[in-house]
Structure formats: structure tokens, C-alpha cells
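These notes concern the structure reproduced below.
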Amino acid sequence: MLNHDPYPDGGVGTVERPWMDRVIRPDEIERYLINGKDFIDDNFIELQLRRNARPDPARIRDIIAKAFAIESLDPEDTAALLNVQDPDLWEEIFEAAAKIKNKVYDNRIVTFAPLYCGSRCVNDCTYCGFRSSNKAIERRALTFDEIEAEARIMAGKLGHKRIVAVYGEHPSTDADYIAESMRRIYSVKEQARVGLGEIRRVNINAAPMSIADLRKLGDAGIGTYQVFQETYHHNTYRQVHPAGTIKGNFDWRLYALHRAMDAGIDDVAAGALFGLYDWRFEVMGMLCHTRDLEGRFGLGVHTVSVPRIEPAADTDFSWLTHRVSDVDFKRAIGVLRLSIPYAGLIVTCRESPEMIRDVIPMCTQRDASSRIGVGAYEDAESGQKEKRQQFILGDTRSLDEVICELASMGYITSFCTAGYRCGRTGDKIMGLLKSGKEGCFCKLNAVLTFKEWLDDFGTPETRAVGEKIIAKEVAEVQARTSIDFSPLMVRKFEDDLARIGQGERDIYF
Ligand code: SAM
Ligand code: SF4
Numbered sequence: 060m061l062n063h064d065p066y067p068d069g070g071v072g073t074v075e076r077p078w079m080d081r082v083i084r085p086d087e088i089e090r091y092l093i094n095g096k097d098f099i100d101d102n103f104i105e106l107q108l109r110r111n112a113r114p115d116p117a118r119i120r121d122i123i124a125k126a127f128a129i130e131s132l133d134p135e136d137t138a139a140l141l142n143v144q145d146p147d148l149w150e151e152i153f154e155a156a157a158k159i160k161n162k163v164y165d166n167r168i169v170t171f172a173p174l175y176c177g178s179r180c181v182n183d184c185t186y187c188g189f190r191s192s193n194k195a196i197e198r199r200a201l202t203f204d205e206i207e208a209e210a211r212i213m214a215g216k217l218g219h220k221r222i223v224a225v226y227g228e229h230p231s232t233d234a235d236y237i238a239e240s241m242r243r244i245y246s247v248k249e250q251a252r253v254g255l256g257e258i259r260r261v262n263i264n265a266a267p268m269s270i271a272d273l274r275k276l277g278d279a280g281i282g283t284y285q286v287f288q289e290t291y292h293h294n295t296y297r298q299v300h301p302a303g304t305i306k307g308n309f310d311w312r313l314y315a316l317h318r319a320m321d322a323g324i325d326d327v328a329a330g331a332l333f334g335l336y337d338w339r340f341e342v343m344g345m346l347c348h349t350r351d352l353e354g355r356f357g358l359g360v361h362t363v364s365v366p367r368i369e370p371a372a373d374t375d376f377s378w379l380t381h382r383v384s385d386v387d388f389k390r391a392i393g394v395l396r397l398s399i400p401y402a403g404l405i406v407t408c409r410e411s412p413e414m415i416r417d418v419i420p421m422c423t424q425r426d427a428s429s430r431i432g433v434g435a436y437e438d439a440e441s442g443q444k445e446k447r448q449q450f451i452l453g454d455t456r457s458l459d460e461v462i463c464e465l466a467s468m469g470y471i472t473s474f475c476t477a478g479y480r481c482g483r484t485g486d487k488i489m490g491l492l493k494s495g496k497e498g499c500f501c502k503l504n505a506v507l508t509f510k511e512w513l514d515d516f517g518t519p520e521t522r523a524v525g526e527k528i529i530a531k532e533v534a535e536v537q538a539r540t541s542i543d544f545s546p547l548m549v550r551k552f553e554d555d556l557a558r559i560g561q562g563e564r565d566i567y568f
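Every number in the numbering used here is 59 more than the matching position in the sequence shown, counting from 1.
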């Protein structure tokens with residue numbers, strides 16, 4: 060780990076090169092290949108998409124019915140869904156997707172925000188503002204004190220309980236740095252209106268790592284490890300990730316989540332950057348990804364993300380030929396919901412408020428009050444302008460505004476982080492999710508954590524609509540006593556809620 064800063068300019072030089080040469084471990088790719096091949100068979104995916112063109116509506120309705128079993132669909136079925144043309148049939152798919160979301164996750168939405176720790180990067184992804192050849196961007200890696208300062212604002216002022224920490228790929232932000240940054244984030248306790256603001260779950264969005272490095276993140280208490288494949292299409296991948304960079308190695312990235320599982324991190328997340336290639340192919344790629352994980356580890360991805368390409372500083376996008384329209388974006392989300400029904404689905408502030416409102420019934424998580432520059436939360440506090448953004452955001456509303464809107468739409472914002480802290484992760488949580496039992500814990504914890512948040516951070520308007528949702532949830536739990544909740548559980552829940560009202564914090568099932 061580096062305590063001083065020998066990389067004032069970022070980029071790739073004589074210091075970075077030897078480090079880069081050590082990152083990829085060929086044996087940690089080869090162990091997963093079958094007959095020397097990875098599990099993304101481009102021809103097979105194209106063939107499925109061609110073979111299942113013009114699917115019969117009756118078949119589509121059968122596939123929809125299958126998805127209610129909360130098992131991942133097979134690629135043929137997903138290809139058929141992706142080929143639906145009739146707008147009315149799409150409406151049936153969206154309706155089913157919202158019902159499945161409710162069946163597994165109820166009316167809960169989890170919120171989080173990103174914390175950008177470093178913008179130095181040795182890779183040169185053509186679409187990213189942080190790419191090494193972009194001289195327009197101001198580079199830095201936060202010191203650990205600066206990371207704490209960012210976390211203090213996020214936990215103490217904005218009221219976040221979960222964040223995703225984001226890093227470029229660079230020796231100054233290596234696995235040791237990431238692990239220490241997590242520890243510093245977890246250490247933050249900031250006085251809020253009544254209780255203490257703290258980050259209870261740190262997810263990581265960082266480059267693929269070796270199994271040994273991933274163990275370091277496991278030891279530091281990682282929540283979810285996110286690595287987006289960007290595109291599952293081999294040729295496109297090669298075009299946008301130059302050879303000679305670490306990210307230029309498709310298979311090193313493809314097996315990042317497999318290595319995480321082997322390192323004991325059973326909570327992993329996939330994603331594709333929509334716009335690089337045909338969105339239908341990317342949905343098929345994500346499905347193949349989770350199915351390969353299921354086949355090997357008995358456990359698929361915990362969440363999938365659907366970022367769409369956004370403009371970035373000094374970045375030419377004239378070469379993009381697969382931009383995803385709003386209509387197709389919604390369709391991709393609908394098909395993902397049906398195809399990987401147990402997975403959480405994350406929509407981000409890259410999208411406009413209107414777009415998010417349209418797809419949120421099928422999603423489980425969104426970010427809010429996000430800032431995507433390195434040190435950007437402090438900059439906003441001190442009135443500095445952001446010059447360090449990775450790309451441009453579509454929804455810049457505050458967490459309070461977002462929560463107020465969600466509550467007025469009938470959603471409860473959950474700040475629950477209990478599952479991971481009680482060991483309900485990996486196959487344990489998947490089993491509970493599929494059977495609908497996790498929903499019982501989550502429902503109670505959502506109410507308890509939402510109440511905490513309203514009392515500590517909510518504006519009077521948000522508290523008023525939020526309390527109405529809480530009253531409705533409490534009544535629902537009481538009505539389901541002895542059906543889904545034991546009388547003992549309900550009594551404890553009512554007591555806990557009263558204790559939170561009196562200022563106690565961090566009580567959960
Ligand atoms: N450097 C790490 C990596 O590439 O995996 C993690 C951080 S990177 C900043 C996080 C994600 O941002 C990438 O995986 C990519 O999907 C997304 N991203 C990059 N450029 C983008 C753009 N112009 N618009 C939207 N998302 C972008
Ligand atoms: Fe670096 Fe990640 Fe941006 Fe690629 S997407 S340039 S790896 S920060």
C-alpha cells in the first residue's frame with residue numbers, strides 16, 4: 060500500500076507498467092475455461108436470437124408463467140422474449156415483471172450512492188472519461204482522510220447507509236488501498252438529528268482482481284462486488300478496450316465474479332454498459348453469466364445493473380452505433396426481471412427522473428443524491444465546481460426528494476443492511492428470496508430502517524408521506540400475524556418501532 064503519492068499525473072508510465080504486468084494471473088482464467096473456451100458463445104447467442112424471432116404470443120405467455128417460479132429462464136426463452144414485437148404483449152411483460160418484483164421484493168426500494176475514490180486509471184476504455192489517454196480530466200486518488208470526509212457527508216448529512224465505492228484501475232488504488240478505504244468508511248459515525256449516521260454496507264465497483272486480492276476485500280467487510288462486463292460481444296469488447304491494457308483481456312474480466320466466489324465473496328453483481336452493442340445480445344450475455352455462476356457455485360448474481368452510456372468529458376461518441384432508445388431500455392429491464400427473477404435490478408441516476416419513474420416498478424435499487432466526481436461531496440459542500448466527473452448525470456435530485464417521490468408512489472425506501480450483517484447472503488439469501496421468506500425479514504427491517512431515516516434526516520413533507528407508508532406496512536404485518544409472522548415477531552417489531560421512535564438505532568431482525 061502506498062502512503063505517499065508518486066503518481067501526480069495518473070496515466071501509464073514506467074511506474075505503472077511493471078505493476079500492470081503482474082495483475083493478470085493466467086492460471087486464474089484457465090481454471091474456468093472449458094476446452095479453452097469461455098462461456099460466452101457469440102454464435103450460440105446470435106443463433107438463439109435468430110431462431111426465436113417472431114415468437115407465438117401463447118409461447119410468450121407460457122414463458123411469463125415460468126418466470127413466476129423464480130428460477131432463471133433458459134436462453135431460448137429469453138431470446139423469444141427479446142424478439143416480441145407487439146406493443147400490447149410488451150405491456151403484459153412489463154406487468155408480469157412488476158408482479159415478479161413485488162413477489163420477491165415487495166414494495167421496497169433500496170437506495171445508495173456512489174463514492175468515487177480514484178480517477179487514475181491504466182486502462183483506455185474508449186467510452187470513459189477516466190481513460191488514461193484523456194488529458195482533459197483532473198486525476199487524483201483520495202487520501203484515507205479525504206475518503207472519511209466524503210463518508211461523513213454521505214452518512215451524516217445525506218443519510219446514506221449504503222454506498223458503492225468506485226475506483227479506477229491503478230497501483231495507487233490497489234486492493235490494499237480499497238480494503239483500507241472500506242475500513243475507514245465503516246469507521247465513520249456522524250451525529251444526525253437524533254441518532255448517529257453511519258455507512259453499514261460498502262459495495263465495491265472496481266477492476267477484476269486475483270483471488271488473493273479479493274480475499275483482502277472479503278476480510279475488510281465487502282458488501283457486493285460489482286464488475287460490469289461492459290459488453291459480452293467479444294469483437295466489440297476488443298474494439299473498445301485496447302489491446303495491451305489490463306481491461307483488454309476479456310476473460311480476465313469475465314471470470315472476475317467466479318474468482319470472487321472462490322475467494323469466499325458470495326455476493327456478486329454483473330452489468331453491461333448499454334449502447335456498446337445490441338442490447339438484446341447483452342441481456343443474453345448477462346443471463347449466460349448468471350447461469351454459469353449458478354452451474355458452478357450453485358448461486359447466481361445478487362444484482363444486475365443496466366447503465367446506459369452517457370456523455371463524458373472530452374469523449375467522442377460518434378462511433379456509437381448501438382445507442383439504446385428509451386423504449387428498448389425499458390424492454391431490456393422487463394426481460395431481465397423475468398429472466399433472472401431472483402436478482403436485484405439497479406437503475407441509476409444516469410437516467411432522467413421520468414425514465415426512472417417508468418422502470419422503477421420492475422427494479423429493486425436506485426441511487427440518489429449521487430455525485431460522480433472524486434471528492435465531489437466535499438466540493439459541493441465548499442461550493443467548488445466539479446471538474447472530475449466520470450460522466451454526466453440525468454437525475455440530480457436529493458435523497459429526500461427521491462424518497463418523498465417513492466413514498467408518494469407507494470414504495471418504502473429500505474435502508475436495511477441486516478442480511479449481510481447476519482450472514483444472510485449467498486445461497487442462504489437466494490433460498491430465502493426464492494421461497495419468499497426473506498421478504499418477511501426484509502419487510503420488518505425496511506420499516507425499522509425507514510423510520511430511523513425519517514426521524515434523522517427527513518424533511519417535514521417527506522416525514523408526513525413516509526409515516527403514512529409506515530402505518531400501512533404495520534397494519535399489513537399485523538394482519539398477517541400467525542400467517543407469515545409469528546405473534547412473537549410482531550410484538551418484537553412493534554416494540555422495536557417504538558424504541559426507534561424514542562431514539563434507539565440499528566435494531567434489526
Ligand atoms: N474501473 C472499474 C471498471 O472499469 O470496472 C470500475 C469503475 S468504472 C468507473 C464503473 C463503470 O462505469 C464501468 O464499469 C462502466 O460500465 C461505467 N461507465 C464508464 N463510462 C461510462 C459512460 N460514459 N457512461 C455511463 N457509464 C459509464
Ligand atoms: Fe478505467 Fe473503469 Fe473508466 Fe475503463 S471504465 S477507463 S477501467 S475507470
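Using N, Cα and C, we set each Cβ at its ideal position, and we do this for glycine too.
Every value quoted in this text rests on a predicted model; they were computed, and no experiment measured them.
Length of the line joining the Cα atoms of glutamate 460 and serine 545:
35 Å
Hey, out of Val406, Ser467, Gly560 and Thr304, whose CA is closest to glutamate 75's CA?
Thr304
Specify, as a first and last residue, the run of the alpha helix (DSSP H) that cysteine 347 falls within.
338 to 356
CA nearest to the CA of arginine 409, picked from Ser398, Gly403, Leu397 and Phe388
Phe388
Span separating the alpha-carbon of glycine 403 from that of leucine 397:
12 Å
Judging by CA-CA distance, which residue of Gly282, Ala371, Tyr314 and Ala466 is the nearest neighbour of alanine 477?
Gly282
Is the beta carbon of arginine 211 sitting closer than 7 Å to the one on glutamate 249?
yes
Compare the Cα-Cα distances from arginine 274 to each of Ala322, Asn264 and Arg259 and report the closest residue.
Ala322
How many Å lie between aspartate 554 and phenylalanine 500 at the Cα?
16 Å
Three Cβ pairs or more, each shorter than 8 Å: is that satisfied between the region 333 to 350 and the region 359 to 368?
yes
At the level of alpha carbons, what is the spacing between glutamate 207 and glutamate 440?
15 Å
Mind checking glutamine 424: buried by the 16 CB within 10 Å criterion, or exposed?
buried
Nearest-angstrom Cα separation, counted from glycine 359 out to isoleucine 152
23 Å
Confirm the yes/no value for this check: CB of valine 225, any heavy atom of the ligand SAM, distance under 6 Å.
yes
Nonlocal neighbours in the same chain, by C-beta distance under 6 Å from leucine 61, ignoring five residues either side
Confidence at leucine 61 is low in this model, with a pLDDT of 44, below 50, so the placement of that residue is unreliable and no value is reported for it.
At what residues does the beta strand (DSSP E) containing alanine 328 begin and finish?
327 to 330
Glutamine 107 to aspartate 454 span [Cα, whole Å]:
36 Å
Residue range of the alpha helix (DSSP H) that includes alanine 319:
315 to 321
To which residues of the same chain is glutamate 205 closer than 8 Å at the C-beta, ignoring the five residues directly before and after it?
Gly434 and Glu437
Of the choices Gly277, Gly256 and Val247, whose alpha-carbon is the least far from that of aspartate 235?
Gly277
Kindly indicate which three-state DSSP category phenylalanine 544 falls into: helix, strand or coil?
strand
Just to check, is the beta-carbon of leucine 313 closer than 6 Å to a non-hydrogen atom of the ligand SAM?
no
Other residues of its chain near phenylalanine 203: CB distance less than 8 Å, five sequence neighbours each side excluded:
Glu239, Ser240 and Arg243
Minimum C-alpha distance to isoleucine 99 - residue among Ile399, Val394 and Gly344:
Gly344
C-alpha distance - asparagine 193 paired with aspartate 147, whole-angstrom precision:
45 Å
What residues in its chain sit with their C-beta under 6 Å from that of glycine 177, if we drop five residues either side in the sequence?
Ala200, Tyr226, Gly227 and Thr232
For asparagine 504, which of helix, strand or coil comes out of DSSP?
helix
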